[in-house]
Amino acid sequence: MGQSFNPVAVLVVEDDALLRAEAVDLCIEAGFTTYEARNADQAIRLLERHSEIRVLFTDIEMEGSMDGLKLAHAVRERWPPVAIMVTSGRRKMTKEDLPDNGLFFAKPYPPDDIVKALNGIAAQVVG
37 MGQSFNPVAV LVVEDDALLR AEAVDLCIEA GFTTYEARNA DQAIRLLERH
87 SEIRVLFTDI EMEGSMDGLK LAHAVRERWP PVAIMVTSGR RKMTKEDLPD
137 NGLFFAKPYP PDDIVKALNG IAAQVVG
């Protein structure tokens, strides 16, 4: 039996190439179409081109025109259906820091927690 098709695509935004590769692999192994970007500018270009992206999974600290938290808020404004998952190894976030319905994961995050959150989001989108 093959993997079932999951219509929810994930965009991983992480400036550290190794961490980005690990997060992308995690999402792919969980059955999600996955896109990757190393900064907010790349992420926005991908969101403009791929309407199937329904999850933004972004690190906070990164180079470029905006950090991951600003990106998360910009995505919430421009693409309201996109679920937001934010991660950081240096900063702690409160619910008030995040966009509406945003989720925060401290690094190093347990991979199972990420997969569980993605599956929960996918169930809401599909269901």
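The sequence shown begins at 37 in this note's numbering and counts up by one.
Every residue, glycine too, gets a C-beta built ideally from N, C-alpha and C.
Residue of the options minimising C-alpha distance to residue i
i, options, result
"residue 86", "46, 161 and 130", "46"
"residue 60", "157, 136 and 147", "147"
"residue 137", "88, 117, 53 and 51", "117"
"residue 97", "156, 56, 84 and 89", "56"
Alpha carbon of residue i to alpha carbon of residue j, nearest angstrom
i, j, result
"residue 69", "residue 109", "23 Å"
"residue 158", "residue 44", "6 Å"
"residue 105", "residue 160", "23 Å"
Cβ distance (whole Å) where residue i is taken to contact residue j below 8 Å
i, j, result
"residue 92", "residue 64", "Rounded, the Cβ-Cβ distance is 16 Å, inconsistent with contact."
"residue 82", "residue 73", "6 Å"
"residue 154", "residue 66", "6 Å"
"residue 95", "residue 123", "6 Å"
Residue burial classification, residue i (beta-carbon count within 10 angstroms, cutoff 16)
i, result
"residue 62", "buried"
Proximity test, residue i beta-carbon vs the ligand HEM heavy atom, cut-off 7 Å
i, result
"residue 102", "Because no ligand of any kind appears in the structure shown, any question about the ligand HEM cannot be addressed here."
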